[in-house]
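Take a look at the structure set out below.
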Amino acid sequence: MSTVIEPRRISEARPTAAVRAPAVDATQLEEPTTLQRTRWLIANPWKNYLLPAVLLRKRLARSQSPLIAESLARPGGWRSMEIIYRNNEPLDWFDRQALRDNPVSMACRNRRKIVTRKLAELIARYAADGDVTILGVGAGPGRHVQSALVESAVAPSRVTAYLIDRDDSAFGYGRHLALSFGIARSVHFLRGDACRVREALPDVSAQIVKLVGLVEYLSDAELVELLRALRDVMSPGASLLTHGLIDPYGSGRFLARVFNLRHRRRTGAHMATLLESVGLRPVDCAVEPAGVYPIITAVRDPD
325 MSTVIEPRRI
335 SEARPTAAVR
345 APAVDATQLE
355 EPTTLQRTRW
365 LIANPWKNYL
375 LPAVLLRKRL
385 ARSQSPLIAE
395 SLARPGGWRS
405 MEIIYRNNEP
415 LDWFDRQALR
425 DNPVSMACRN
435 RRKIVTRKLA
445 ELIARYAADG
455 DVTILGVGAG
465 PGRHVQSALV
475 ESAVAPSRVT
485 AYLIDRDDSA
495 FGYGRHLALS
505 FGIARSVHFL
515 RGDACRVREA
525 LPDVSAQIVK
535 LVGLVEYLSD
545 AELVELLRAL
555 RDVMSPGASL
565 LTHGLIDPYG
575 SGRFLARVFN
585 LRHRRRTGAH
595 MATLLESVGL
605 RPVDCAVEPA
615 GVYPIITAVR
625 DPD
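Take 325 as the starting number for the sequence shown in my numbering and just add one per residue.
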């Protein structure tokens, strides 16, 4: 289903020409400065406890910030993520705080770059042995998978990507993105519950599964149920790429109070335990430079 995309926030980012995704350079990743860390330490008691949430919301609602407006309307949605990724020049002081001086925004951009690079490496590796099937879960427009497919330099005809989400509002934008990358025939959008992915894709055996951007909204029980369903559609030796969430700067309470954005915190070790409980073996874990997301690769060993 195509979606009407709000012109102020998203339409200016609609792809219009073929684009090759750039390779990720570690120097492009963002790390908070000492001054930023100090400011967060000073500001957090006010944002988290002392200033009324109603007052904060009213003041933020007067900002010109597309990110703040979108976060107030649809906290944690795909449109917010696209605004964070684009990282346009801030429109006012509050927009700058939300977009540039915010550890979560920094970490999301880092996560996108790292995940894209890792997916591209996995695509290239599995393509050495044959055609590749990728499953993206809670995929939104599928930006990670699509950018990685292009970056991998593997012929799109050899890669099939299934992008599943309960909410299909991002699919129209995702299809435009696929057209701009020249990979539209490789990318398939599915509306549905990933816990029932075997019903939706009865014959699929995926070499790569990407579970990014959904994990932080699931309880342990919900996540384990989802991981079991995903393992069932992974071929032996397949890889799953996912992440945890740490709150080293204490911003979680502010996000919950003001935007009703409630994240489940999990360390890399906690995520490893959950993965192992369903028969997925963690083989790599690295925390991106902002210190918020431990990014984990796990493998399904042969039974």
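Beta carbons are placed, not taken as given, at the ideal position from N, Cα and C, and that holds for glycine.
Reduced DSSP category for residue i - H, G, I as helix; E, B as strand; rest coil
| i | result |
| --- | --- |
| valine 587 | Checking the sequence, you will find histidine at residue 587 rather than valine. Of the three classes helix, strand and coil, the one that applies to histidine 587 here is coil, per DSSP. |
| isoleucine 407 | helix |
| valine 461 | strand |
| isoleucine 570 | coil |
| isoleucine 507 | coil |
| arginine 424 | coil |
| alanine 451 | helix |
| glutamine 360 | helix |
| glutamine 470 | helix |
| glutamine 531 | strand |
| leucine 514 | strand |
| proline 606 | strand |
| valine 623 | strand |
| alanine 553 | helix |
| tyrosine 497 | helix |
| serine 389 | coil |
| valine 348 | Note that valine 348 scores 47 on pLDDT, short of 50, meaning its location in the model is unreliable; the coordinates nonetheless yield the value given after this. Valine 348 falls in the coil class under three-state DSSP. |
| glycine 576 | helix |
| valine 478 | coil |
| serine 543 | coil |
| aspartate 416 | coil |
Expected contact under 8 Å - CB spacing of residue i and residue j to nearest Å
| i | j | result |
| --- | --- | --- |
| valine 483 | valine 528 | Between valine 528 and valine 483 the Cβ distance is about 13 Å, and since that is not below 8 Å, they are no contact. |
| aspartate 571 | arginine 589 | 6 Å |
| alanine 518 | alanine 472 | Actually they do not touch by this definition, with Cβ atoms about 19 Å apart. |
| arginine 515 | aspartate 489 | 7 Å |
| phenylalanine 513 | lysine 371 | About 37 Å; that fails the 8 Å criterion. |
| glutamate 475 | alanine 444 | 4 Å |
Same chain only: Cβ atoms within 6 Å of residue i, ignoring 5 sequence neighbours per side
| i | result |
| --- | --- |
| glycine 460 | Gly466, Val469, Leu487, Lys534 |
| valine 623 | Ser563, Arg605, Val607 |
| isoleucine 532 | Leu446, Ile458, Ser563 |
Cβ-based burial, residue i [other Cβ within 10 Å; buried from 16]
| i | result |
| --- | --- |
| valine 383 | For the sequence presented, residue 383 should be read as arginine rather than valine. Arginine 383 is exposed by the Cβ-count criterion. |
| isoleucine 366 | exposed |
| alanine 479 | exposed |
| glutamine 668 | This structure does not reach residue 668, given that the chain is present from 325 up to 627, and the question cannot be answered. |
| glutamine 352 | exposed |
| threonine 597 | exposed |
| valine 539 | buried |
| asparagine 426 | buried |
| tyrosine 573 | buried |
| aspartate 455 | exposed |
| proline 390 | buried |
| serine 404 | buried |
| alanine 463 | buried |
| glutamate 600 | exposed |
| threonine 440 | buried |
| tyrosine 497 | buried |
| tyrosine 450 | buried |
| serine 575 | buried |
| valine 536 | buried |
Cβ shell of residue i (< 8 Å), same chain only, five flanking positions each side left out
| i | result |
| --- | --- |
| proline 560 | Arg624, Asp625, Pro626, Asp627 |
| alanine 610 | Ile438, Pro618, Ile619 |
| aspartate 416 | Ser387, Gln388, Ser389 |
Own chain residues within Cβ distance below 7 Å of residue i, not counting five before or after
| i | result |
| --- | --- |
| proline 414 | Arg420, Leu423, Arg424 |
| proline 356 | Pro427, Met430, Ala614 |
| alanine 525 | Reading off the sequence shown, one finds leucine at residue 525, where the question assumed alanine. Around leucine 525: Tyr486, Val557. |
Could you say if the region 385–405 and the region 578–588 meet the contact criterion of at least three C-beta pairs nearer than 8 Å? yes
Three CB pairs or more closer than 8 Å across the region 418–436 and the region 612–620: yes
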